[in-house]
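K.L.:
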Amino acid sequence: MIIGLIGAMANEIAIIKKTIFDRKKILIGKCVIYKGTFLKTLKIVIVQSGIGKTSSAIGATILLSFFKPDLVINFGISGSLQSLTKKGDIIIANKVLYHDVNLVKLGYFLGQIPDNPHLFLINKNILFLVKNFMKKYQIKFQEGLMTSGDQFIYNEDMVSKILKNFPEAISVDMESSTVAHVCYHFSVPFLVIRSISDIAIKNNLTSFEDDMYIGIKNVSSVIYKLLKDIEKNQSVYSRLKE
């Protein structure tokens with residue numbers, strides 16, 4: 001089984017990168033790719049895509065075209081949109097969408113790009129497995145709608161605009177929807193697992209670097225444990241792709 005991991009920044013993938021054996025570095029365009037083996041038999045490809053929708057779409061397309069993963073996991077940090085979501089919390093998506101796409105006047109849903117669904121849904125079987133994994137390892141998490149756009153959301157006005165359109169959204173980032181979008185076109189199952197690095201409605205940019213590190217450390221710990229679970233149960237994870 002081949003697992004594809006996508007993170008935007010070097011520091012987001014750094015911890016997981018160190019756990020890969022026989023690691024080889026590959027450059028395709030501006031994407032930095034690390035290929036190797038996790039534990040004994042699980043094949044891993046990690047893509048450092050760069051920040052933003054276009055960069056992550058390029059990274060996901062390269063990953064799917066060249067390396068043919070059975071499952072793609074987008075991981076990293078996110079900004080919280082809800083008061084119950086705190087810094088360092090683990091969140092998993094059950095659906096993702098673009099918060100900055102608007103073709104409503106042309107008859108589409110808010111967030112929808114023509115010829116695509118307006119919500120990219122996580123495969124229910126994979127989501128079931130991952131939620132059971134979280135509970136088995138007693139990992140606290142929140143599940144919900146994640147949103148993406150080419151903006152750093154840092155104040156109340158920006159948060160209010162997103163929540164006015166998508167009141168159930170729990171987080172905001174700049175990559176997860178494009179990764180989901182590309183996986184949808186390639187018919188490859190995907191997950192989005194992130195950690196909260198900042199509270200978007202009251203962002204303190206002076207502490208952002210420290211908060212980001214906490215988020216990266218937390219989500220990397222979860223990804224490491226998840227990869228161990230997948231390595232141990234590869235037949236189960238691969239069988240439930242459909």
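For what it's worth, UniProt numbering labels the leading residue of the sequence shown as 1, then goes sequentially.
Backbone N, C-alpha and C fix where the C-beta goes; we use that ideal spot for every residue, glycine too.
1. Please report the distance separating the alpha-carbon of K18 from that of I6.
2. For V222, I'd like the list of residues in its chain whose CB is within less than 7 Å of its CB, leaving aside the five on either flank, ordered along the chain.
3. Does any heavy atom of the ligand MG sit closer than 7 Å to the C-beta of L64?
4. When DSSP builds the beta bridges, which residues end up paired with E143?
5. State the DSSP-derived secondary structure class of L27, mapped to helix, strand or coil.
6. Among residues of its own chain, excluding the 5 on either side of M134, which ones have a beta-carbon nearer than 7 Å to its beta-carbon?
7. Return yes when the Cβ of D173 is within less than 8 Å of the Cβ of D100, no when it is not.
8. Measure how close the beta-carbons of G4 and F75 come, nearest whole angstrom, since I'm counting them as under 8 Å.
9. What residue from T37, K53, T54, K25 has the CA that sits closest to V47's CA?
10. What whole-angstrom Cβ distance do S220 and I16 have, given they're in contact under 8 Å?
11. CB-CB under 8 Å to residue 243, same chain, minus the five flanking residues each way: which ones, in chain order?
12. Indicate whether P69 and V236 have their beta-carbon atoms separated by less than 8 Å.
P.N.:
Put simply:
1. Against the sequence shown, residue 18 aligns to sequence position 18. Against the sequence shown, residue 6 aligns to sequence position 6. Computed Cα separation, rounded: 15 Å.
2. Numbered from 1 along the sequence shown, position 222 holds the residue referred to as residue 222. Cβ neighbours of V222 beyond the five flanking positions: I90, I139, I193.
3. Among the components modelled here there is no ligand, and therefore nothing to report on the ligand MG.
4. Residue mapping note: residue 143 aligns to position 143 of the sequence shown, counting from 1. Looking at the DSSP output, E143 sits in a beta bridge with I92.
5. Position 27 of the sequence shown, counted from the first residue, corresponds to residue 27. In this structure, L27 counts as strand in the three-state DSSP scheme.
6. If you number the sequence shown from 1, residue 134 lands on position 134. F141.
7. Taking the sequence shown and counting its residues from 1, one reaches residue 100 at position 100. Taking the sequence shown and counting its residues from 1, one reaches residue 173 at position 173. For the pair D100 and D173, the CB atoms are not nearer than the 8 Å cut-off.
8. Along the sequence shown, one-based indexing puts residue 4 at 4. Along the sequence shown, one-based indexing puts residue 75 at 75. So it is not a contact: roughly 11 Å between Cβ atoms.
9. Working through the sequence shown from its first residue, we reach residue 47 at position 47. For the residues T37, K53, T54, K25, the minimum Cα distance to V47 belongs to K25.
10. The sequence position of residue 220 within the sequence shown is 220, counting from 1. The sequence position of residue 16 within the sequence shown is 16, counting from 1. With a beta-carbon spacing of about 6 Å, S220 and I16 fall inside the 8 Å limit used to define contacts.
11. Residue numbering for the chain in the displayed model covers 1 to 242; residue 243 lies beyond these limits and cannot be assessed.
12. Stepping through the sequence shown from its first residue, residue 69 is reached at position 69. Stepping through the sequence shown from its first residue, residue 236 is reached at position 236. No, the Cβ-Cβ distance between P69 and V236 is not below 8 Å.
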